[in-house]
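Novice: Here it is, the structure in full.
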Amino acid sequence: MPQFSSIGIKVWQSLLEPSRYRRVPRDISLEPLPTRVPRHVPVPPPPPESNVATPSWKRKKEECYLPLQQDIKSKRAKLHQLEKEHERMEEQEAMMKKILEL
Numbered sequence: 001m002p003q004f005s006s007i008g009i010k011v012w013q014s015l016l017e018p019s020r021y022r023r024v025p026r027d028i029s030l031e032p033l034p035t036r037v038p039r040h041v042p043v044p045p046p047p048p049e050s051n052v053a054t055p056s057w058k059r060k061k062e063e064c065y066l067p068l069q070q071d072i073k074s075k076r077a078k079l080h081q082l083e084k085e086h087e088r089m090e091e092q093e094a095m096m097k098k099i100l101e102l
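In the numbering used here, the protein residues as written are 1 to 102.
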């Protein structure tokens, strides 16, 4: 039988006894892995159905300014169309005068 010193016996006893200082291994499979998102990845905005209150300036912009901007845009498009038609009519009128002069 091998001879052990008193220090060796204490070491073996400390290894065999559960100690409050020794770390008990955890079951890692039960815990979700922490996911780290890099900072350069943009965070998507919340969906419109979320219960986030809309600021008053944004609500006012949506209610007042956006319809006005759309109205102005449509009227500019109509004006541009009428100007082109007017140019065509003037060209046709000039051609008719040339034909009548001949």
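Ideal Cβ placement from N, Cα and C applies to all residues, glycine included.
Just so we're clear, the structure is a prediction, and the values are computed from it rather than from any experiment.
What three-state label does DSSP hand Leu102 in the structure shown?
Specialist: coil
Novice: So Arg59 is in the alpha helix (DSSP H); what residue range does that whole segment cover?
Specialist: Ser56 to Lys60
Novice: Which of helix, strand or coil does DSSP assign to Val43?
Specialist: coil
Novice: By how many angstroms is the C-alpha of Ile99 removed from the C-alpha of Glu93?
Specialist: 10 Å
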